[in-house]
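Presented below is the structure to which this report refers.
There are 2 protein chains.
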Amino acid sequence: MATTYFSKRNLQFLLYDVFKADELTKYDYFSAHDRETFNLVLDSATYIADTLMHPYLKEVDKNQPELKDGKVRVHPQIKEYLKAMGEAGLIGAGFSFEHGGQQLPEMISSCVGFIIMAANNGMMYTGLTSGSAHLITSFGSPELIEAYVPNLLSGTWQGTMALTEPQAGSSLSDVITTATPLSVDDSKAGHAGAYKIKGQKVFISAGDHDATENIIHLMLARIDGAPKGTKGISLFVVPKYRKDEQGNFVDNDVTSTGVYHKMGQKGVPAMHLTMGSNDDTIGYLVGQPNQGLSYMFQMMNEARIGVGMTATAIATAAYHAALQYAKERPQSRRLNEKNHLDAPQTAIINHPDVRRMLLFQKAVTEGSLSLLLEAARLYDLHEVTEGEEKENTFLLLDLLMPVAKSYPSEMGVQSVSQSLQTFGGYGYTEDFPVEQLYRDIRITPIYEGTTGIQAQDLLGRKMTMKGGKAPQLLFAEISKTISTASTYDDLKPYADSLTTELKRTQEVLTSLLPYAQQGNIERYLSDATLFLEFFGIVVVAWQWLKQAIVAKQALLTQNPEGDELAFYEGKIHTMKYFFHYEVPKTLGLAVRLKDPEVLTIVTEKELAL
Amino acid sequence: MATTYFSKRNLQFLLYDVFKADELTKYDYFSAHDRETFNLVLDSATYIADTLMHPYLKEVDKNQPELKDGKVRVHPQIKEYLKAMGEAGLIGAGFSFEHGGQQLPEMISSCVGFIIMAANNGMMYTGLTSGSAHLITSFGSPELIEAYVPNLLSGTWQGTMALTEPQAGSSLSDVITTATPLSVDDSKAGHAGAYKIKGQKVFISAGDHDATENIIHLMLARIDGAPKGTKGISLFVVPKYRKDEQGNFVDNDVTSTGVYHKMGQKGVPAMHLTMGSNDDTIGYLVGQPNQGLSYMFQMMNEARIGVGMTATAIATAAYHAALQYAKERPQSRRLNEKNHLDAPQTAIINHPDVRRMLLFQKAVTEGSLSLLLEAARLYDLHEVTEGEEKENTFLLLDLLMPVAKSYPSEMGVQSVSQSLQTFGGYGYTEDFPVEQLYRDIRITPIYEGTTGIQAQDLLGRKMTMKGGKAPQLLFAEISKTISTASTYDDLKPYADSLTTELKRTQEVLTSLLPYAQQGNIERYLSDATLFLEFFGIVVVAWQWLKQAIVAKQALLTQNPEGDELAFYEGKIHTMKYFFHYEVPKTLGLAVRLKDPEVLTIVTEKELAL
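For the protein sequence lines, the chains are X and Z, in the order given.
One point on numbering: in this note's numbering, the residue at position 416 of the first sequence is 416, and numbering is uninterrupted.
One point on numbering: in this note's numbering, the residue at position 404 of the second sequence is 1404, and numbering is uninterrupted.
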C-alpha cells in the first residue's frame, strides 16, 4: 500500500504561494485566522486521514453496506471517523462561528476534503453532512437551524441530498415526490411548515446507515398545487427519526427500499428510499415554497467544488502510488542500451513512455487542484467582498464551476487509468490500490450533474449570461497571467501559446453563437461536451502558467537547493508538458466545433443506431 | 440484462460484403468450406454463447476463483462451456484436419472468439487452449502433438501461455526459469527432450483450475548454459500431470502458489505458479533449443488478434446495452422544446449528446472489428499464398498488428466508459452489465504486450523493417480505397480527408526517422505511444471508408428498404462521424510528434517527479 497519497508541499505551494490564502484574513469575516490556524486545521485533517481513514481503504471497499431487515450496516470505522471529524470541528470548518463552525474559508475546508478523500474516498460522509447543514443555515428558519445543525456538525447525525427520483435524474424538473401541508394544529406537525411527504428517492448517498443516530434528508418535493416544472419544487428537511409531541424521537416512515451495489465508492451506501409507505412521513419546509431548486442551485458551486476535489483526490492518490512504484520497479534497460544484457534492469521511471504517463498524471492532478483552489478563492471572495467586486467574483466562479467539476472528473478518470497502466499487470490486481481508485473515480463524471449537463450549463448559460460578461472577465484574468509570464524569457513562448488559445476560443464562440441567437439551442449545444473539453484545456493551461510564474520567481529570488529546487523545476517542467502534450488537443476540438456538419441531431428520418 | 450483445447483421456485412471471406474457399486449404459451413460454425458459437455463457455473465464475475488447499475451484459452468466448445469443434476451429481441427480460416475462428467473448469474457479459457495447442502443432515433435493436442482441442485439457515472471514482464529477455536436461535413460524423462524445470511464473491465465483434467503450460525457460537475453530462451510443454513409466498420470510438481484477485475478468484465475519445489517438474522441449521466443513471436499475431477481438467484443456488448437503454429511458425534453412542461419526457437517444456518445461507441467497436477482420484476412492469405504475395501479406499483417491489438483495447476502454456514461448513475451499479464490462476491458491494454510495448513494436520495428516496405504496402492499399471512394460524390470529401491524413503520416515520419538513423532510439521512440494513437486513427478511418463504399454500393444497387436501408445508411453516417469527430484528433497528435522539445527523457539532472 502506498503511504504517500498526496503532496503536502504542493498543497502549501498552491494555497499560499499561488493563491495567497492568508490574504483572506484581511477581511473581517476571516480575521480570526492566520496561516498558522489554517495549517493546524490541515494537520488535523491529515492526522485523521492517516490514522482513521487511509489504513481502511481496502477494508471499507471489501465490506460494502448491505440492507438487512430494513437496516443498513456500514463498516464500524465510519463511526470513528465521523466522531473524530466532528470533534475536530472539521464538518463545520466552513460554517460561521454563529452556527457553531470555525468560520474558515472554502479554500481551507475544500483542502480538508481533498486530504480526506485522497486518504479514503469510500468514507465520503462528512461532505454530504456539511452540504445539507449549509442548506439549513442558509435558507432555514432559526427553529430548523437549532433543531438540526448542531447534531449535524458534531457528526452525531448524517445529512444527505435527496434530489434524484427514478424518473428525475438529470431532469430535476420532473420531481414528483409530493408534500401536503399539515395544519398547525395537527399534533404531528410539531411546528409550522410541516408537510406530509410521499414519494421515492434513488441514489441517495449515505441515505441510511448505522454510524449516526439520525439521518437528515434535504429533500426536493412538490407542494400540492404547485406550478409544473422547476418553479414548483420546494425544499424540505425530512429526518429518519422526528421528534414527537413529547420530544421523543419516533420513526418518520422513511423506508430503505434498497441499497445499490456499485462498482466503487463502496463504503458509502447509495440508497433507494420510500417516503410515506404508512402515510406518516413528515417534512419541514426550508425557506419559501417553490424555491427549492433555486436554493439547491445556490449551494451547487460548493457541492461541485466538492466533487471536483474528490476526483482530484482520488487521482492524486493513484498518481503517488504509481510514482512510488515507477521509482522502485526495475524492468528492461534504457532504449539506447538495449543490448547491454549484463546491465541490471533500470527502474521504469527512466523509460520515456512511463515518464510521459507520470507527467500526464502530475499535470492533470496538480492542474485540477490549482483550478479548484482558484474556484474556492473566488467563492470566498464572493462571500466577503461588496458591490462590483462581489458580482464579478460570482460571475467568474459561476463560469469556472462546470469546468472545475468536469475537468478533474473526466481527466481524473484518464489519469487513474494511466496510474494503473504504470503498474502493468499488477495494477489490475488487488495487490495495489489503483484498481480500486480506478473504480472509485468513475462516478465523478456522473454525480452532481453529468459531464453532459455541465457542458450545457457552461455553453448554454455561463458563456452567455449578462451578455457574455463572465468570459470577458475570465479572459481579462488570463491576460494578466500572460502579461506576467511574458516578462520571463523561458515562459514567454507559453504565454504566447495561451494567447493563441484565447483567440481560438473566441473563434469557436464566434462560430457557435449565431445558433443560439437564432434560437436553435439544440444545434448550439449539440457539441457542448466537446466545448467543455476544449475550454477545460485552456483554463488548466492558464493554471499551469500561473504555477510556473510563481515557481520561476522562487527560483530567481530564493536560490533553492535540493528538494526545493527540484520542486520548482518540476513545476516548470510539468507546465511545459501540459503545453506540449495537452494544449495541442484544442486543434482537433476546434476543427470539430467550427464544423458545420451536423451528425447528432435526430431528423425526421430517424438514424439507425 | 441486455439480450443483444453483438450484431449478427454487422458481422455478416464485414465478413462477406467487405472482406469477402468466402473467396478464401478458392484456395485448396479452405476448399472444404463455403459460406454455409462458415455460418454453421458461427451459429454454433452463437448457440453456446447464448445458452451456456451469456446467462452466467454476472454469476461468473461474482464467484471469482479461490485457491484453497492447493486447489483452484472455478464456477461449474466453465466445465459445461469447455465441453460444449470441444464437442462443437470450436477449440480446434482453426486447426488443420490433420491435427483434428476444422481447417477454418482465422477470419471465422476469430469471429467465434468475438461472439463468445461478447457473451461472457470472464470465460476466457478456450482461446488460451487454442494458442497453446497451436504452438505444439507448429513447432513440436509428432510425439508431443499426439500426446497433447487431441485432449486440448476436445476441451478435456486446458492450455496456457506461461511467459511472465516476477522480474520479467515486458522484458521477457530477463526470464530466469531454468531447464536442466535429463539424460534419455533417466526413468522420469519419458522421452527425449525432457528437462527438469525450476522457477516461477506469474499472471498465468487459467493456470490452474478444476474444469479440466489437466493443465498444459507452454512455458519459456532457459536451458543451463544458454546465451543471455532473448537468444537463450527455449519453449517447453510443462503439464500439471505427466505420464510416468507405467503410463499413469502423476503430479508434475507445478505448485499453485497464489491466485491474483483482479478488478475484472474474474471468471479466469490468474495464477502464480512455482515449478520444482520438490525438484520434480519435468518439461518437454518444443522444437529447437533457444528458439522459444521466436516461436512465441510467430504465434503473437494470432494471440494479438485474439486480444483485440476480446476488447472489441466487450466494448460491443457494452454498446448494445447502452443503445437499448438509450432507446427505452425517458429523460428530459428536446433542447428546443425545453419549456413544454406538459410534453412527456423523450427517450435519451434523442439528445444530441447521447447520440454522440452512441456514435462514438459504434464507430470504435465496428471500426475495431473491421480492422481485426482485415488482419485476420491477411493472416489467412499469408497461410495460403506463395512468393511475393505471401511476403507482402505478412508485412502488412505485421505492420497492422500493434494497431489491431491496441486500438480496440485503448479505444474500447473509452467506448465502454461512454456506454457507462449513457446509463448515468445506473451504469455505475450492478443493475446493468456495463460496470462489469468497464472493469473487464481494462486489462486488454496490458496483456499480450502493453500499449507502450505495441507502440515500440510499431514505430521501432514495423515502420522501418525491410526499408519501410510495410508502410509503403499499406499506403498503396489505402490509396486503392481512396480511389474507389472518390468515384462517389458523397464519399469523395472523406477520400480527400484520408489523403490528407496519409500526407500527415508521411510528415510525421519524416520528422521522426532521422533520430532512428542517428541511432538515438530513445528519442525516436519517446512519443511512440502517441504515434500509435495517431496511426490507429488513420488506419481505422481507412476501415470506415471501406465500409462506407460497400454500403454505398448496396444502396445504389440493391434498393434496400426498412432495416436494411437503415443499416447501410447507419454505416455511412458512422463513417462521417468518424471523420468529423475522430480524425481531427490527428492534428494535435501530429503537432506533438513533430515537436522538437524533449520532456520525457531523463537527463543528467534528474527531473523531480
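Where is the CB? At the ideal position from N, CA and C, for every residue including glycine.
The structure displayed is predicted, hence computed values, not measured ones.
Min CB distance residue i to chain Z below 9 Å
i: I601 (chain X); result: yes
i: N10 (chain X); result: no
i: T529 (chain X); result: yes
i: I443 (chain X); result: yes
i: L335 (chain X); result: yes
i: A2 (chain X); result: Because A2 (chain X) sits at a pLDDT of 49, beneath the cut-off of 50, its placement in the model cannot be relied upon, and the following sentence gives the value as read from the coordinates. Cβ-Cβ to chain Z under 9 Å: no for A2 (chain X).
Residue-chain proximity (residue i, chain X), Cβ-Cβ < 9 Å
i: F972 (chain Z); result: In the structure displayed, chain Z extends from 1001 to 1609; residue 972 (chain Z) sits before or after that span and is not available.
i: N1290 (chain Z); result: no
i: H1439 (chain Z); result: It should be noted that the sequence gives Arg, not His, for residue 1439 (chain Z). Interface residue, yes.
i: K1228 (chain Z); result: yes
i: A1118 (chain Z); result: no
i: R1461 (chain Z); result: no
i: S1526 (chain Z); result: yes
i: V1591 (chain Z); result: yes
i: T1316 (chain Z); result: no
i: K1576 (chain Z); result: yes
i: H1573 (chain Z); result: yes
i: R1356 (chain Z); result: yes
i: D1457 (chain Z); result: no
i: A1270 (chain Z); result: yes
i: F1203 (chain Z); result: yes
i: G1155 (chain Z); result: no
i: G1452 (chain Z); result: yes
Test item: CB-CB of residue i and residue j under 9 Å
i: I223 (chain X); j: M275 (chain X); result: no
i: F1013 (chain Z); j: A1313 (chain Z); result: no
i: T1444 (chain Z); j: V1413 (chain Z); result: yes
i: A93 (chain X); j: V112 (chain X); result: yes
i: V1268 (chain Z); j: M1053 (chain Z); result: no
i: T505 (chain X); j: V538 (chain X); result: yes
i: D61 (chain X); j: G264 (chain X); result: yes
i: A270 (chain X); j: Y260 (chain X); result: yes
i: G424 (chain X); j: S1170 (chain Z); result: yes
i: W1542 (chain Z); j: T1500 (chain Z); result: no
i: R592 (chain X); j: P1493 (chain Z); result: no
For residue j and residue i, believed in contact at Cβ under 8 Å, the rounded distance
i: I1601 (chain Z); j: S1497 (chain Z); result: That pair is no contact at about 34 Å.
i: K362 (chain X); j: L1609 (chain Z); result: 7 Å
i: Y524 (chain X); j: L512 (chain X); result: 6 Å
i: I91 (chain X); j: S130 (chain X); result: 6 Å
Proximal residues to residue i (C-beta, below 8 Å), its chain only, five neighbours per side dropped
i: T281 (chain X); result: K196, I197, K198, V238, N252, D253, V254, M275
i: G1289 (chain Z); result: Looking at the sequence itself, residue 1289 (chain Z) is Pro, so the reference to Gly does not match. Correct list, in chain order: I1223, A1226, S1234.
i: D380 (chain X); result: L24, F30, P105, E106, M107
First through last residue of the alpha helix (DSSP H) which encompasses residue i
i: E66 (chain X); result: Note, E66 (chain X): premise wrong, no alpha helix (DSSP H); beta strand (DSSP E) at 66–68.
i: V1591 (chain Z); result: 1585–1594
i: M123 (chain X); result: From DSSP, M123 (chain X) is part of no alpha helix (DSSP H); its letter is neither H nor E.
Spatial neighbours of residue i in its chain, beta-carbon cut-off 7 Å, leaving aside the 5 residues before and after
i: D244 (chain X); result: V250
i: S132 (chain X); result: L152, G159, T160, M161, I216, L218
i: I1348 (chain Z); result: A1326, R1329, Q1331, V1354
i: A1002 (chain Z); result: Summary for A1002 (chain Z): the model assigns pLDDT 49, below 50, so the residue's position carries little reliability, and this model does not support an answer.
Distance cut-off 8 Å: residue i Cβ against heavy atoms of the ligand PLP
i: H1320 (chain Z); result: Ligands in the displayed structure: none, and consequently the ligand PLP is not present.
Neighbourhood of residue i by C-beta distance below 6 Å, restricted to the same chain and skipping five residues each side
i: K613 (chain X); result: No answer is possible for residue 613 (chain X): it lies beyond the span of chain X, which begins at 1 and ends at 609.
i: Q418 (chain X); result: M357, F360, Q361
i: Y1515 (chain Z); result: R1523, Y1524
Residue i: contacting residues in chain B (beta-carbon distance under 9 Å)
i: Q418 (chain X); result: The structure shown contains no chain B; the protein chains it does contain are X and Z.
Enclosing beta strand (DSSP E) for residue i [first to last residue]
i: T1180 (chain Z); result: 1178–1181
i: H1272 (chain Z); result: 1270–1275
i: N1336 (chain Z); result: No beta strand (DSSP E) contains N1336 (chain Z), which DSSP labels as neither H nor E.
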